[in-house]
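Undergrad: Just passing along the structure, written as structure tokens.
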Amino acid sequence: MSEVTAPTAAPVPTHCPYCALQCGMNLRPAASEELPAEVVDRTDFPVNRGALCGKGRTAPAVLSSRVRLTEPLVRCPDTGALKPATWEEALSAVAEGLHRTRADHGSDAVGVFGGGGLTNEKAYALGKFARLVLGTSQIDYNGRFCMSSAAAAHQRAFGLDRGLPFPLEDVPKTGCVILVGSNLAETMPPALRYLTELKENGGRLIVVDPRRTRTAEQADLHLAPRPGTDLALALGMLHLVVAEGRVDEEFVAARTEGWEAARAGAMSHWPEHVERITGVPVPQLREAVRMFSEADSGMVLTARGPEQQSKGTDTVGAWINLCLATGKAGRPLSGYGCLTGQGNGQGGREHGQKADQLPGYRKLDDPAARAHVAGVWGVDPDVLPGPGRSAYELLDALGGDVKALLLMGSNPVVSAPRAAHVEERIRSLDFLAVADVVLSETAELADVVLPVTQWAEETGTTTNLEGRVLLRRRALTPPPGVRSDLEVLHGLAALLGWEKGFPADPEEVFGELRRASAGGPADYSGISYRRIEEEQGVFWPCPETGEGEADHAGTPRLFLDRFATPDGRARFVPVVHRAAAEETDAEYPVVLTTGRVVSQYQSGAQTRRVAELNAAAPGAFVELHPRLAERIGVAEGEPVAVFSRRGKAVAPARITTAIRPDTVFMPFHWAGEGRANTLTNPALDPVSRMPEFKVCAVRLERA
Ligand code: SF4
């Protein structure tokens, strides 16, 4: 590999391995097995200016060989246990398992499941590996669970999906922010300063969340709708915008299409009706409309709350309609944005590990896109399979027509909805190979486990929630016995007959990714590792310029002149409120909503191995209102059994008036009896195929 930066005592600038903020940090190698590196402030990186949450600060702990896998494991046919093996034995076993399944059952019997934490290079190589080496259409990734509804709504309205169409530095300068279903104080604490500065600058903050979170406590106005009713709330606000004559008619006429149908849809959502659906009092609704409409500029930022619903795409669409009707899109300091969750949730969906996409955010069913990418790959376009199943549908098909699975960077046994069913499906596979840094709950079920390098031990790019492409440079020598995901794909491809086309060098992969993305919506062709380092990241689209011309500057702000639709105009999409897929009833009378806590990350595979984080957040809990606690006869800290139509979870009660009496909250980071996703409903959004993690009906008992 030519890219290797020799380990050095000097701090190496890099980025946190966890969430989509991708905070900058410097890493200084340290000579300790317990803690192989220490984090040093990196105040020059503009997104976080040196600030880190506890997860970022303690991330080096997972680099310790005491908590991670350092040798391949292969399941012993005699004892059924995972046993250490050489890399040659392990890769041969994976190649044999995948090849045998293809030969016996066809290419689509092999599935591939990726992750939103994989670098752009890995996501690109994994998609190429699935489509060329395995010839399968059955590839998707856990980012589907994170951002797909916002992505679909972005595409419908603006013709392009990038989480934020502006840099975070614009947020404090706008007039009013509506933050919907995001608890930044817990999910990305360093980003909270943008809201603090907004208020210091005289801007207003409206938070929409069923819980009075630490973020909601910062708000000028907190609206607490019943989970699953954000769509009605947005429609009610749009109704009032029309009724109170607050529509920006000039903007609507000049920059949009489809207003009349969207307006008609909103007019049936009169405020009192919306109050009955959401529980948000009409005066609060009017006040929110007044604050947002009267601000010179404004933003709506959504996160998983409105997105992880069986109507997530329409819900986000309703918030976009509100932005468009009030002229708060496509203008400086204004617009709709999605606060993407996973570390490379943005880049991961741009380069081909999503079931329907090719690199550069091209569509797999577009003949021109297929021809371009096939040209870069040196194959006939007809070789490329068509679109496959979405993440949950793929997991649900395991053991059915999908009989073998290669999984990288994901832990669906904890993170997928209806997790007990997903676990049972995974157990029914003929063959499972998992590449991971630790023996996650999913890796425990594998036939072969491949130990791979981590963020600080490898070079690669990620794309943060702003669309800023970043570089993580290798800062440490990995322990002997682990290989990078790119080396794994390189080795497997060679064993399966592809000696060429799968380089293990990340910069070489990035060079090919640039060519594959050229001319696509997410055009990276003008971005290089050198430019990323010199410019603190480069915003896509950034096309390559001709010889002798100055570099394209990248695009920090989208849509200021035109939207990315064929005619340059944004699209209103008419939407109407509908109920959650599973409503409460006499048997299951309470709404469960799920989310994160500050000291754990996603399925917890990494953060649950960090002592400091575990001490702060040792396990699951059930947050409930005192009135509900009294009704079921449970006191603070006592175990509560939560039942849904999918199963049962048990966790201690955490009693607080910060939650609605009709709702309970559980964080989803843990396995075992506290696994929140045992309960969640896999009902899918018809457009984005996003499962409804945020709303299901449950019953509570004292355990
Ligand atoms: Fe890492 Fe996100 Fe925490 Fe920043 S906010 S340190 S990126 S987990």
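Under the numbering used here, think of the first position of the sequence shown as 1207, with each following residue one higher. Cβ atoms here follow ideal geometry from the backbone N, Cα and C, with glycine treated the same way.
#1: Beta carbon of residue 1352: closer than 7 Å to some heavy atom of the ligand SF4?
#2: Touch check for the stretch 1808–1828 and the stretch 1870–1883: three-plus C-beta pairs under 8 Å?
#3: Within 10 Å of its beta-carbon, does residue 1688 have 16 or more other beta-carbons around it, so buried, or fewer, so exposed?
#4: What first and last residue would you give for the beta strand (DSSP E) that runs through residue 1429?
#5: Can you have a look at residue 1303 and say buried or exposed, based on whether 16 or more other CB atoms are within 10 angstroms of its CB?
#6: Less than 7 Å separating the Cβ of residue 1551 from some heavy atom of the ligand SF4?
#7: Would you grab the beta carbon distance between residue 1430 and residue 1654 for me? Rounded to a whole angstrom, and I think it's under 8 Å.
#8: Looking only at its own chain, which residues have a Cβ that is under 7 Å from the Cβ of residue 1188, when we skip the five neighbours before and after it?
#9: Going along the chain, which residues of its own chain have a beta-carbon closer than 7 Å to the beta-carbon of residue 1433, five neighbours each way excluded?
#10: Should the stretch 1276–1286 be regarded as contacting the stretch 1253–1268, the criterion being three or more beta carbon pairs within less than 8 Å?
#11: Can you look up residue 1417 in the DSSP assignment and give me helix, strand or coil?
#12: Using 8 Å as the threshold, is the stretch 1361–1377 in touch with the stretch 1573–1581, meaning 3 or more CB pairs across them?
#13: If we count the other Cβ atoms within 10 Å of its Cβ and call it buried at 16 or more, is residue 1670 buried or exposed?
#14: Starting from residue 1736, trace the beta strand (DSSP E) both ways and give me its first and last residue.
#15: Under a Cβ-count criterion, where at least 16 other Cβ atoms within 10 Å of its own Cβ denotes burial, should residue 1214 be classed as buried or exposed?
#16: Give the secondary structure of residue 1609 by DSSP, where H, G and I count as helix, E and B as strand, and everything else as coil.
#17: Could you give the first and the last residue of the continuous beta strand (DSSP E) run that contains residue 1907?
#18: When DSSP labels each residue in this structure, what does residue 1887 get in the three-state scheme?
#19: Spatial neighbours of residue 1885 within its chain, please: CB distance less than 7 Å, with the 5 preceding and 5 following residues excluded, ordered by chain position.
#20: Residue 1860 lies in the beta strand (DSSP E); which residues open and close that run?
#21: Checking 8 Å against the spacing of the C-beta atoms, do residue 1763 and residue 1319 come in under that value?
#22: One question on the structure: do residue 1508 and residue 1356 come within less than 8 Å of each other, judged by their Cβ atoms?
#23: Between which residues of its own chain and residue 1232 is the CB-CB distance below 8 Å, once the five residues before and five after are set aside?
#24: Among all the DSSP beta bridges, which residues are the ones paired with residue 1294?
#25: Where does residue 1227 sit, in a helix, a strand or coil, going by DSSP?
#26: Identify which residue in 1618, 1334, 1392, 1498 has its Cα closest to the Cα of residue 1823.
#27: Thinking C-alpha only, which one of 1456, 1781, 1506, 1556 is nearest residue 1474?
#28: Within the present structure, is the beta-carbon of residue 1394 separated from the nearest heavy atom of the ligand SF4 by less than 7 Å?
#29: Tell me whether residue 1808 counts as near the ligand GTP, meaning its Cβ is closer than 7 Å to at least one heavy atom of that ligand.
#30: Can residue 1571 and residue 1592 be called in contact, C-beta distance under 8 Å?
#31: Taking just the CA atoms, how far does residue 1528 sit from residue 1454?
#32: With 16 other CB atoms within 10 Å as the buried threshold, where does residue 1646 fall?
#33: With a cut-off of 8 Å on the beta carbons, I'd call residue 1554 and residue 1349 a contact; round off their distance for me.
#34: Taking residue 1526 as part of the beta strand (DSSP E), name the residues at either end of that continuous run.
#35: Distance check for residue 1498 and residue 1814, CA to CA, integer angstroms please.
#36: Here's a check: name, in chain order, each residue in its chain whose Cβ is nearer than 6 Å to the Cβ of residue 1389, leaving out the five neighbours to either side.
TA: Judging by the given coordinates:
#1: For the purposes of this step, residue 1352 is identified with residue 146 of the sequence shown, where counting begins at 1. False, no ligand heavy atom lies under 7 Å from that Cβ.
#2: Yes, they touch.
#3: As a working mapping, residue 1688 is identified with position 482 in the sequence shown. Classification for residue 1688: buried.
#4: Stepping through the sequence shown from its first residue, residue 1429 is reached at position 223. 1427–1429 is the extent of the beta strand (DSSP E) around residue 1429.
#5: The sequence position of residue 1303 within the sequence shown is 97, counting from 1. By the neighbour-count rule (16 or more Cβ atoms within 10 Å), residue 1303 is buried.
#6: On the sequence shown, residue 1551 is found 345 positions in, with the first residue counted as 1. Every heavy atom of the ligand SF4 is 7 Å or more from the Cβ of residue 1551, so no.
#7: The count along the sequence shown starts at 1 and reaches residue 1430 at position 224. The count along the sequence shown starts at 1 and reaches residue 1654 at position 448. With a Cβ gap of about 48 Å, residue 1430 and residue 1654 do not count as contacting.
#8: Because the chain in this structure spans residues 1207 to 1909, residue 1188 falls outside the shown range and cannot be described.
#9: The residue given as residue 1433 occupies position 227 in the sequence shown. These residues qualify, in order along the chain: 1416, 1797, 1799, 1869, 1900, 1901.
#10: Note that the stretch 1276–1286 does not touch the stretch 1253–1268; fewer than 3 beta-carbon pairs, one per stretch, sit closer than 8 Å.
#11: Residue 1417 sits at position 211 when you count from the first residue of the sequence shown. Of the three classes helix, strand and coil, the one that applies to residue 1417 here is strand, per DSSP.
#12: By the Cβ criterion, the stretch 1361–1377 is not in contact with the stretch 1573–1581, since fewer than three pairs of Cβ atoms, one from each stretch, lie closer than 8 Å.
#13: Sequence index remark: in the sequence shown, residue 1670 carries index 464 (1-based). Burial check for residue 1670: the Cβ neighbour count within 10 Å reaches 16 or more, so the residue is buried.
#14: Walking along the sequence shown from the start, residue 1736 turns up at place 530. That residue, residue 1736, is in no beta strand (DSSP E); its alpha helix (DSSP H) goes 1735–1741.
#15: One-based indexing of the sequence shown puts residue 1214 at position 8. Interpretation of residue 1214 is limited by its pLDDT of 48, a score under 50 that renders its predicted location unreliable; the figure taken from the coordinates is listed afterwards. Around the Cβ of residue 1214, a 10 Å sphere holds fewer than 16 other Cβ atoms; the residue is exposed.
#16: Numbered from its first residue, the sequence shown carries residue 1609 at position 403. Three-state DSSP puts residue 1609 in coil, outside helix and strand.
#17: Reading the sequence shown from its first residue, position 701 is the one you call residue 1907. 1902–1908 is the extent of the beta strand (DSSP E) around residue 1907.
#18: Position 681 of the sequence shown, counting from 1, holds the residue named residue 1887. Of the three classes helix, strand and coil, the one that applies to residue 1887 here is strand, per DSSP.
#19: Indexing the sequence shown from 1 puts residue 1885 at position 679. If we look at residue 1885 and ignore the five residues flanking it on each side, its Cβ neighbours are 1798, 1848, 1850, 1852, 1853, 1855, 1902, 1904.
#20: The residue labelled residue 1860 in the question sits at position 654 within the sequence shown. Where residue 1860 is concerned, the enclosing beta strand (DSSP E) stretches over 1853–1861.
#21: As a working mapping, residue 1763 is identified with position 557 in the sequence shown. As a working mapping, residue 1319 is identified with position 113 in the sequence shown. Using a Cβ distance threshold of 8 Å, residue 1763 and residue 1319 do not count as a contacting pair.
#22: Locating residue 1508 in the sequence shown gives position 302, where the first residue counts as 1. Locating residue 1356 in the sequence shown gives position 150, where the first residue counts as 1. Yes; because the gap between Cβ atoms is below 8 Å, this pair is in contact.
#23: Within the sequence shown, the letter at position 26 stands for residue 1232. For residue 1232, where only same-chain residues beyond five positions count, the Cβ hits under 8 Å are 1217, 1218, 1219, 1220, 1245, 1246, 1247, 1248.
#24: Start at 1 with the first residue of the sequence shown, and residue 1294 comes out as number 88. Answer is none; residue 1294 lacks a bridge partner.
#25: For the purposes of this step, residue 1227 is identified with residue 21 of the sequence shown, where counting begins at 1. Three-state DSSP puts residue 1227 in coil, outside helix and strand.
#26: Here residue 1823 is taken as the residue at index 617 of the sequence shown, counted from 1. Nearest C-alpha to residue 1823: 1392.
#27: Sequence index remark: in the sequence shown, residue 1474 carries index 268 (1-based). Ranking the options by Cα distance to residue 1474, first place goes to 1781.
#28: Numbered from 1 along the sequence shown, position 188 holds the residue referred to as residue 1394. For the ligand SF4, at least one heavy atom lies less than 7 Å from the Cβ of residue 1394.
#29: This structure simply doesn't include the ligand GTP; it includes the ligand SF4 instead.
#30: Position 365 of the sequence shown holds residue 1571. Position 386 of the sequence shown holds residue 1592. Taking 8 Å as the Cβ cut-off, residue 1571 and residue 1592 qualify as a contacting pair.
#31: Locating residue 1454 in the sequence shown gives position 248, where the first residue counts as 1. Locating residue 1528 in the sequence shown gives position 322, where the first residue counts as 1. About 11 Å.
#32: Within the sequence shown, residue 1646 is the residue found at index 440, counting from 1. Under the 10 Å beta carbon count, residue 1646 is surrounded by 16 or more other beta carbons and is classified as buried.
#33: As a first step, residue 1554 is located in the sequence shown; it is residue number 348 there, counting from the start. As a first step, residue 1349 is located in the sequence shown; it is residue number 143 there, counting from the start. Confirmed, about 5 Å.
#34: The sequence position of residue 1526 within the sequence shown is 320, counting from 1. Per DSSP, residue 1526 lies in no beta strand (DSSP E) segment; the continuous alpha helix (DSSP H) that holds it begins and ends at 1518–1531.
#35: For the purposes of this step, residue 1814 is identified with residue 608 of the sequence shown, where counting begins at 1. For the purposes of this step, residue 1498 is identified with residue 292 of the sequence shown, where counting begins at 1. Between residue 1814 and residue 1498, the C-alpha separation is close to 40 Å.
#36: For the purposes of this step, residue 1389 is identified with residue 183 of the sequence shown, where counting begins at 1. 1419, 1421, listed in sequence order.
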